[in-house]
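Protein chains in written order, with UniProt numbering: chain A, 1 to 346; chain B, 1 to 158.
Glycine is no exception: its CB is placed at the ideal position from the N, C-alpha and C atoms.
Here is the structure we will look at, set down as structure tokens.
What follows is the structure, encoded as structure tokens:
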């Protein structure tokens with residue numbers, strides 16, 4: 001007799017994307033429907049909570065139907081329902097949480113709460129099995145963290161940004177360059193056409209800690225453009241982008257590699273929206289090659305770097321094995337974060 | 001009613017913010033006004049230190065609101081930068097204003113309709129001749145915040 005498949009229906013609605021996926025055994029994506037609302041936010045230069053909530057309400061039912069249909073499964077086939085319950089915008093999170101709870105209740109399925117950031121890390125599971133202990137560099141619009149994982153489903157922050165997240169710095173200098181939100185992809189493209197001529201500061205690169213800081217870089221960038229404007233000088237957008245990106249990548253790569261060496265890490269997962277950055281991918285590969293490091297750098301597939309339900313399903317697979325279930329009183333937690341390592345000094 | 005303060009660098013901005021920490025009360029609302037890179041989050045780091053908060057104060061731009069519960073009273077650090085065109089009617093700001101902590105709001109001009117009548121305004125401006133220097137203008141709106149501004153000026157003078 002054929003054993004029953006493990007099928008998880010996973011919801012993600014923490015920010016821009018409404019997404020629902022059906023995942024088999026934590027490794028196989030049967031469907032991953034993503035409805036993005038970046039276009040509606042572009043007009044506003046950022047996420048708009050009310051627009052976001054309304055969009056999620058509009059799309060969540062349709063995405064669920066599409067995901068079930070594309071996966072060719074029925075509710076009776078499902079093993080569990082999973083959902084991102086934080087961090088994110090509260091109004092947006094609540095839509096996914098409510099949808100997941102409703103389906104769990106109606107079909108008598110266990111409900112698995114997932115930390116959005118765990119989802120980003122587990123997106124790498126679709127590339128290959130993860131090996132512990134592993135190090136994850138989480139870089140996105142709201143996060144820049146080094147996360148140590150002793151074992152599956154265990155997360156400790158060992159390094160963090162002290163001010164702005166890397167992705168946020170991209171969006172803010174993008175605004176100075178007149179690039180619409182989200183600016184990361186376009187800055188990355190421009191950077192490949194220019195040269196690092198401005199020598200922006202590499203904050204904290206040599207300091208004896210595992211933290212990051214991008215606020216000073218943002219200020220240096222703004223000051224440079226501002227001073228040029230004052231004297232009517234036109235700076236090369238390509239060189240500005242290249243110089244900014246070089247500073248960000250120098251710091252991210254230098255500090256991450258240093259931690260990986262110190263902890264004897266064999267596998268590094270780079271996750272979050274900024275993991276899609278080509279400059280970062282190229283540089284990490286280069287360093288590993290040049291230094292002959294025994295370090296396997298895993299990037300999630302590009303289509304899974306942004307927010308999506310599949311990554312939630314992969315993280316939920318681990319939680320299911322640990323039987324970490326939530327009751328129907330599950331609430332959204334907009335400020336949810338991993339615990340800091342006991343050794344971490346703020 | 002208010003006062004101005006010249007600050008020579010980031011550390012001075014933090015030290016000045018720190019002086020306000022012991023003076024704020026639950027329900028206080030502080031608006032931070034200034035351009036990108038003017039030092040709003042830097043100032044908030046100082047205020048957080050003055051409240052006894054040890055965690056890093058990270059930019060709330062992406063999450064809109066960050067809460068810190070570990071100090072003398074809670075700190076609610078808000079950033080309305082991304083709400084320029086639409087406001088924030090369903091963010092529940094008023095619950096924070098009526099709450100048990102102090103609310104610090106960056107880019108509050110984008111949510112003007114939702115602000116209380118009285119508040120403390122901290123305006124930060126870069127010195128056009130020196131990227132490190134800042135000129136801060138403090139203004140209390142309403143009797144409670146006029147008194148707070150005065151107490152802060154006195155604490156700073158000591």
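Boundaries of the beta strand (DSSP E) around residue 113 (chain A): 111–115. For the pair residue 64 (chain B) and residue 79 (chain B), the Cα-to-Cα distance works out to about 5 Å.
For residue 56 (chain B), the residues of chain A that pass the 7 Å Cβ criterion are 160, 162 and 346, in the order they occur in the chain. The CB of residue 133 (chain B) never comes closer than 7 Å to any CB in chain A; the least such distance is about 12 Å.
Taking a Cβ-Cβ threshold of 7 Å, the residues of chain B close to residue 219 (chain A) are 37, in chain order. Here the alpha carbon of residue 22 (chain A) sits roughly 44 Å from the alpha carbon of residue 42 (chain B).
Chain B places no beta carbon closer than 8 Å to that of residue 92 (chain A), leaving this residue out of the contacts. Selection A:17, A:149, A:113 and A:304 evaluated against residue 55 (chain A) yields A:17 as nearest (Cα-Cα). With 16 or more other Cβ atoms from the protein chains shown falling within 10 Å of its own Cβ, residue 144 (chain A) counts as buried.
Partner residues in the beta bridge of residue 127 (chain B), as assigned by DSSP, are B:130. In the assembly as shown, residue 117 (chain B) is an exposed residue. Its beta-carbon has fewer than 16 other beta-carbons within 10 Å.
For the C-beta of residue 67 (chain B), the chain A residues within less than 7 Å are, from N- to C-terminus, 335. Annotation for residue 237 (chain A): 177, 190 and 194 place their beta carbon closer than 8 Å to its own, counting only its chain and skipping 5 residues before and after.
Secondary structure at residue 259 (chain A): helix, using DSSP grouped into helix, strand and coil. Taken through DSSP and simplified to helix, strand or coil, residue 29 (chain A) comes out as strand. Cβ-Cβ separation between residue 159 (chain A) and residue 255 (chain A): approximately 7 Å, consistent with a contact (criterion under 8 Å). Per DSSP, residue 18 (chain A) lies in no alpha helix (DSSP H) segment; the continuous beta strand (DSSP E) that holds it begins and ends at 17–24.
Contact check between the region 116–126 of chain A and the region 304–318 of chain A: three or more CB pairs, one atom from each, fall below 8 Å, which counts as touching. Among the residues facing chain B, residue 232 (chain A) is not included, as its CB has no counterpart in that chain under 8 Å away. For residue 185 (chain A), no Cβ of chain B is located within less than 8 Å of the residue's own Cβ.
Rounded to whole angstroms, the separation of the alpha carbons of residue 50 (chain B) and residue 20 (chain B) is 7 Å.
The DSSP-derived three-state label of residue 11 (chain B) is helix. By the Cβ rule, the region 84–102 of chain A counts as touching the region 324–334 of chain A, because three or more pairs are nearer than 8 Å.
Between the region 228–235 of chain A and the region 251–269 of chain A there are fewer than three C-beta pairs closer than 8 Å, too few to call the two in contact. Under DSSP, residue 105 (chain A) takes part in no beta bridge, so it has no partner. Only exposed fits residue 129 (chain A), as fewer than 16 other CB atoms lie within 10 angstroms of its CB. Boundaries of the beta strand (DSSP E) around residue 103 (chain B): 102–106. At a cut-off of 8 Å between C-beta atoms, residue 89 (chain A) counts as an interface residue with respect to chain B. Annotation for residue 335 (chain A): 86 and 87 place their beta carbon closer than 8 Å to its own, counting only its chain and skipping 5 residues before and after.
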